[in-house]
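Contents: one structure, followed by commentary.
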Amino acid sequence: MAEANWYVVHTYSGYENKVKANIEKTIENRHLQDQILEVSVPIEEVTELKNGVRKKVQRKIFPGYVLINMEMNEDTWYVVRNTRGVTGFVGPGSKPVPLTEDEMVNLGFRKEAEVSYDFNVGDTITVISGAWENTEAVIRSINPSRQTVGINVELFGRETPVEISFTDIRIEK
């Protein structure tokens with residue numbers, strides 16, 4: 002069994018939901034559930050202001066595109082490519098290119114892996130690379146989502162807050 006990846010399919014503008022429904026019906030009819038895993042039209046909820054009235058509406062993030070998580074083979078390629086409203090896969094020529102992990106994270110489809118760390122606020126560290134290399138400091142704050150620590154360094158005779166990446170520090174035991 003081949004690996005499933007996310008692919009981007011270009012559609013006629015305004016046909017995204019119809020293409021999604023048609024592909025899902027074809028998956029059901031041809032029993033391709035194990036090869037085409039998910040069809041998605043990414044939407045976001047936004048607040049519009051019209052005539053002084055705020056209204057929450059759903060808007061397509063990528064008008065004219067549908068994302069499909071599938072195993073690429075001749076059958077799945079044929080099914081998707083020949084769905085009414087599809088103009089083709091995104092990629093050079095006729096070869097579809099899967100989205101990378103970083104692209105999926107940026108699109109919000111995947112969360113970045115949680116990073117575990119073995120230090121706490123108040124621990125002493127040494128900066129091992131960058132502008133503050135060989136500087137010893139005490140951790141003042143930790144930002145796990147950005148994977149940084151906040152430290153104070155002396156700059157022009159003053160304590161100055163600086164953010165340093167997890168990868169640029171060494172814990173002093």
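Here the sequence shown is numbered in my numbering, starting from 2 and rising by one per residue.
Even glycine gets a Cβ: it sits at the ideal position worked out from N, Cα and C.
Since the model is a prediction, treat every value here as computed from it, not as a measurement.
Closest by CA to Ser41, which one among Tyr66, Thr84, Asn74 and Asn30?
Tyr66
Closer than 7 angstroms to a non-hydrogen atom of the ligand ATP - does that hold for the CB of Gly89?
The ligand ATP is absent from the structure shown, which contains no ligands of any kind.
Per DSSP, Gln59 is paired with what?
Glu46
If you check the beta carbons only, do Ser130 and Asp169 fall under 8 angstroms apart?
yes
Can you name the start and end residues of the alpha helix (DSSP H) that Ala138 belongs to?
Segment Glu137 to Asn144 is the beta strand (DSSP E) holding Ala138; no alpha helix (DSSP H) there.
State whether the segment 52-60 contacts the segment 76-93, with contact taken as three or more CB pairs (one from each stretch) at a distance under 8 angstroms.
no
Kindly indicate which residue of Thr127, Lys57, Arg85 and Asn121 has the alpha-carbon position closest to the one of Val10.
Arg85
If you draw a straight line from the C-alpha of Tyr16 to the C-alpha of Leu100, how long is it?
22 angstroms
Expected contact under 8 angstroms - CB spacing of Gly151 and Glu164 to nearest Å
6 angstroms
Expressed to the nearest angstrom, what Euclidean distance is found between the alpha-carbon atoms of Thr161 and Arg141?
12 angstroms
Pro162 bridges to which residues according to DSSP?
Asn153
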